[in-house]
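For reference, the structure discussed in these notes is given below.
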Amino acid sequence: FKFGYQVDNHAVNTVPKECLIRITKAEDGGIGGRGPWEPVRTGFTPGQENEFMIKWLKGDHIKIKV
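Listed below in structure tokens is the structure:
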């Protein structure tokens, strides 16, 4: 193995430190830390798009006047 320059970007045992992240739970969801997180409760998530979100993703929500 070669470490210390470009080759170490794809080394077997690690990746550049800029690519390593740590995820921790900050707090419980919901108002005051009680109950489910609002996007879960309302279903307004990337996997459960409602009609408004689908229109927004398509760009139909914005009208450009020329």
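Each position in the sequence shown, counted from 1, maps to that position plus 559 in the working numbering.
Glycine included, C-beta positions come from ideal geometry on N, C-alpha and C.
Can you look up residue i in the DSSP assignment and give me helix, strand or coil?
| i | result |
| --- | --- |
| Gly591 | helix |
| Phe603 | coil |
| Ile621 | coil |
| Ile580 | coil |
| Trp615 | helix |
| Glu608 | coil |
From residue i to residue j, what distance separates their C-alpha atoms?
| i | j | result |
| --- | --- | --- |
| Lys617 | Phe611 | 10 Å |
For residue i, which residues of its own chain have a beta-carbon under 6 Å away from its beta-carbon, when the five flanking residues on both sides are left out?
| i | result |
| --- | --- |
| Arg593 | none |
| Gln607 | none |
Hey, would you say the C-beta of residue i is under 7 Å away from at least one heavy atom of the ligand SAH?
| i | result |
| --- | --- |
| Val599 | This structure simply doesn't include the ligand SAH, nor any ligand for that matter. |
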